[in-house]
Amino acid sequence: MGSTSPGVSPAFGPCRPRWVRPRLRSTLMKTNPVRDYIRANWERSIYRDANGSGFRGEDLPFAYTSPCIRGEGKFYFFFYWDTYFTNLGLLRDGLMETAADNIRNMLWLIRRQGYMPNHVGITNRSQPPYLCRMVEEYFAALGGPEREPDFFRECAEGLRQEYFFWTLGRHTPTGLQRHGHHDTEAGCAVFYDGPVASRLGLSKDVPEAEKAIVGGHHMAEAETGWDFNPRFAGRCLDHNPADLNGLLFSYETFLTDASERLGWGDEALWRRRSAERKERVDAFHWCEKAGWFFDYDFVQGRQSEVLALSGLLPLFTGLASAGQAARVVARLPELELERGHGVAVTHERPGCRNYQWAFPNAWPPLTYVAVEGLRRYGFEADAERIARKFLSTTDRLFAATGQLWEKTDVETGEVAGGEYDAAPMIGWTAGVYIALDEWLGR
């Protein structure tokens with residue numbers, strides 16, 4: 482972008498939604514084995530009903546994408562945050578209607594349930610709120626809200642409803658939000674006996690009350706999308722996540738603009754809410770000494786000690802100041818987040834290898850967040866370096882296996898293991914690959 486100002490579009494000023502098509506270095510359709518594979522298989526990741534995906538759940542009113550190609554992998558459902566990154570590829574490959582259908586399904590679920598669930602079969606929690614970004618990028622690709630004004634209004638109303646799910650249902654004493662769940666104690670105990678104990682190697686020979694407490698914290702952790710990780714020391718319900726509050730800032734700036742466009746008359750409210758969130762994020766998440774946005778433990782009154790790529794969400798959404806962004810960029814190499822094959826989601830620390838959302842694993846969605854966060858503040862060279870690492874690793878693994886993978890090991894450059902067997906997929910790996918490949922104009 483050539484500047485360090487936090488805004489995306491000078492026409493709208495800092496932190497305002499962009500309604501112009503992204504300026505790509507190249508828009509030509511070039512021969513690329515990975516891109517050819519993705520184009521040939523998009524249709525195999527699109528489902529017309531829930532039963533068709535093998536899941537006996539609620540039928541959605543529109544076609545939707547799943548993270549895995551039919552017959553490969555195990556994620557055949559309509560997930561929340563996965564779909565944002567999938568849409569990045571759909572939009573750039575010209576599948577506008579499919580991308581719009583994904584948004585329409587989310588709006589339908591929000592109207593029906595009051596929030597967007599983890600996926601159509603997991604209704605006791607949500608996932609990171611990326612719908613606002615999905616809407617912004619859809620209308621950017623379309624050419625602006627005026628191209629489909631009725632759909633824009635529907636989107637704005639849905640985003641406003643979802644916003645209040647987070648601010649009212651996930652509120653904490655700091656005035657910031659946390660992740661949570663709405664299951665019973667018995668349900669949390671069952672969750673402990675299932676994925677928590679099996680994936681983290683915990684004993685099942687503990688009292689039911691303890692299972693409910695530990696299971697509840699980890700169910701909230703599953704809502705972060707990072708299931709499981711060392712960021713919260715097993716107490717997710719006690720933390721304000723830096724990434725969640727960065728994402729909610731984007732809702733407040735979007736709704737400021739939407740209010741002006743739609744004549745709601747409450748843009749001053751949304752402008753005040755975004756300003757208050759920035760003040761609170763600066764107070765609780767920002768560490769001036771370390772130059773990083775950390776998760777905040779509001780029960781113990783201290784910041785987390787885990788350096789994680791979640792700290793780049795305030796750059797991704799434009800909340801950070803130019804000075805804060807420069808501090809974050811300066812710490813990337815020093816804190817050893819970057820490796821030869823990509824950027825790990827956390828730094829290396831004792832016990833981190835017990836988790837899949839920790840060093841040495843790199844995950845495409847966080848790689849994209851890092852690249853876009855750096856680009857937003859003008860750090861093009863740093864963004865390009867990270868993007869090229871991801872693309873070259875993906876190219877090499879595809880040449881060796883003929884598939885895309887959900888995560889990689891930054892030490893070895895190979896497919897990463899974790900709390901379950903590595904899954905071949907298209908989903909967010911495809912979407913991020915296409916977005917970064919087109920930006921670099923390879």
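Quick note, the sequence shown lines up with residues 482 to 923 if you use the working numbering. All C-beta atoms in this analysis are idealised placements derived from N, C-alpha and C, irrespective of residue type, glycine included.
Open item on the list: Just verifying my parser: in three-state terms, what is the DSSP assignment at leucine 885?
Closed with: Three-state DSSP puts leucine 885 in a strand.
TODO: Can you give me the start and stop residues for the alpha helix (DSSP H) that arginine 592 sits inside?
DONE: Arginine 592 -> alpha helix (DSSP H) spans 577-594.
Open item on the list: Please classify lysine 870 as buried or exposed, where buried requires at least 16 neighbouring CB atoms within 10 angstroms.
Closed with: Buried.
Open item on the list: Please report the distance separating the alpha-carbon of arginine 520 from that of leucine 572.
Closed with: Rounded to whole angstroms, arginine 520 to leucine 572 spans 12 Å at the Cα level.
Open item on the list: How far does the alpha helix (DSSP H) with phenylalanine 713 in it extend, from its first residue to its last?
Closed with: Careful: phenylalanine 713 lies outside any alpha helix (DSSP H) and carries neither H nor E.
Task: Cα-Cα separation, phenylalanine 860 to leucine 681 - done: Rounded to whole angstroms, phenylalanine 860 to leucine 681 spans 37 Å at the Cα level.
Open item on the list: Distance check for tyrosine 619 and threonine 508, CA to CA, integer angstroms please.
Closed with: Note that threonine 508 has pLDDT 47, beneath the 50 cutoff, so the model's placement of it is unreliable and the number below is only indicative. Each residue's alpha carbon lies about 17 Å from the other.
TODO: State buried or exposed for aspartate 918, treating a residue as buried only when at least 16 other CB atoms are found within 10 Å of its CB.
DONE: Residue environment: aspartate 918 is assigned as buried (16 or more neighbouring CB atoms within 10 Å of its CB, all protein chains considered).
Open item on the list: Only counting the same chain, and skipping five residues up and downstream in sequence, which positions put a Cβ closer than 8 Å to that of isoleucine 915?
Closed with: Correct list, in chain order: Arg516, Ile519, Leu569, Gly570, Arg573, Asp574.
Task: Counterpart residues of alanine 843 in DSSP-defined beta bridges - done: Thr889.
Open item on the list: Using 8 Å for Cβ pairs, my map puts aspartate 776 next to phenylalanine 713. What's the rounded Cβ distance?
Closed with: Yes, they are in contact, since the Cβ atoms of aspartate 776 and phenylalanine 713 sit about 7 Å apart, within 8 Å.
TODO: Report all residues from its chain with a CB closer than 6 Å to the CB of phenylalanine 493; omit the five preceding and five following residues, and keep chain order.
DONE: Because the pLDDT at phenylalanine 493 is just 29, under 50, the model does not fix this residue reliably, and the value given afterwards should be weighed accordingly. Cβ within range, chain order: n/a, list empty.
- [ ] For aspartate 902, count neighbouring Cβ atoms within 10 angstroms of its own Cβ and tell me buried if that reaches 16, exposed if not.
- [x] Counting the other Cβ atoms within 10 Å of the Cβ of aspartate 902 gives fewer than 16, which makes it exposed.
Open item on the list: Assuming contact is defined by CB atoms lying nearer than 8 Å, are alanine 825 and valine 891 in contact in what I supplied?
Closed with: Yes, Cβ-Cβ distance for alanine 825 and valine 891 is below 8 Å.
- [ ] Can you tell me which of the three DSSP states threonine 827 falls into?
- [x] In the three-state reduction of the DSSP assignment, threonine 827 falls in the strand class, which pools E and B.
Task: Length of the line joining the Cα atoms of glycine 656 and arginine 551 - done: Glycine 656 and arginine 551 have their C-alpha atoms roughly 43 Å apart.
TODO: Give the secondary structure of methionine 482 by DSSP, where H, G and I count as helix, E and B as strand, and everything else as coil.
DONE: Residue confidence for methionine 482 is low, a pLDDT of 34 falling below 50, so the modelled location carries little weight and cannot support an answer.
TODO: Spell out the partners DSSP gives glutamate 819 in its beta bridges.
DONE: BP columns for glutamate 819 point to Val824.
Task: Sheet register partners of aspartate 778 (DSSP bridge) - done: Answer by DSSP bridge pairing, in chain order: His720, Arg783.
Open item on the list: Once DSSP output is grouped into helix, strand and coil, what is the label at tryptophan 773?
Closed with: In this structure, DSSP gives tryptophan 773 an extended state, which the three-state scheme calls strand.
- [ ] Consult DSSP for phenylalanine 560 and reduce its assignment to one of helix, strand or coil.
- [x] Under the three-state reduction of DSSP, phenylalanine 560 is assigned to strand.
- [ ] Using beta-carbon positions only, say whether arginine 808 and glycine 772 come within less than 8 Å of one another.
- [x] With respect to the 8 Å criterion, arginine 808 and glycine 772 are classified as neighbours on the basis of their beta carbons.
Open item on the list: Counting beta carbon pairs with one atom in the region 687-697 and one in the region 730-738, are three or more of them shorter than 8 Å?
Closed with: No: fewer than three Cβ pairs fall under 8 Å.
Open item on the list: Please identify the residue among Thr737, Leu813, Ala667, Trp909 whose C-alpha is closest to the C-alpha of leucine 885.
Closed with: The shortest Cα separation from leucine 885 among Thr737, Leu813, Ala667, Trp909 belongs to Trp909.
- [ ] Report yes or no: do three or more beta-carbon pairs, one from the region 664-671 and one from the region 621-630, lie closer than 8 Å?
- [x] Judged by Cβ distances under 8 Å, the region 664-671 makes no contact with the region 621-630, as fewer than three pairs qualify.
Open item on the list: Between the region 740-754 and the region 784-793, can you find at least three pairs of beta-carbon atoms closer than 8 Å?
Closed with: The answer is no - the region 740-754 does not touch the region 784-793, with fewer than three Cβ pairs under 8 Å.
Open item on the list: Would methionine 615 and tyrosine 557 qualify as a contact pair, given that the criterion is a beta-carbon distance under 8 Å?
Closed with: No, the pair does not count as a contact, with Cβ atoms beyond the cut-off.
Open item on the list: Would leucine 588 and proline 598 be called neighbours here (beta carbons separated by less than 8 Å)?
Closed with: Between leucine 588 and proline 598, the CB-CB gap reaches or exceeds 8 Å.
Open item on the list: With three or more C-beta pairs closer than 8 Å as the rule, is the region 634-642 touching the region 756-775?
Closed with: In short, these stretches do not touch, since the Cβ pair count stays below three.
- [ ] Along the alpha helix (DSSP H) that carries tyrosine 518, what are the first and last residues, could you check?
- [x] First-last of the alpha helix (DSSP H) with tyrosine 518: 514-522.
Open item on the list: Do proline 654 and phenylalanine 765 count as a contact pair if the criterion is CB distance below 8 Å?
Closed with: Not a contact, by the Cβ cut-off of 8 Å.
TODO: With distances taken Cα to Cα, identify the nearest neighbour of phenylalanine 633 among His828, Cys613, Asn522.
DONE: Nearest option by C-alpha distance: Cys613.
Task: Collapsed DSSP secondary structure at tyrosine 611 in the structure displayed - done: Judged by DSSP in its simplified three-state form, tyrosine 611 adopts coil rather than helix or strand.
- [ ] Verify whether the separation of the beta carbon atoms of aspartate 582 and alanine 637 is less than 8 Å.
- [x] Contact check for aspartate 582 against alanine 637 fails: the beta carbons are separated by 8 Å or more.
Task: CA-to-CA distance, glutamine 781 to alanine 904, given in whole angstroms - done: Rounded to whole angstroms, alanine 904 to glutamine 781 spans 37 Å at the Cα level.
Open item on the list: Please state the DSSP three-state secondary structure of threonine 546.
Closed with: Strand, per DSSP.
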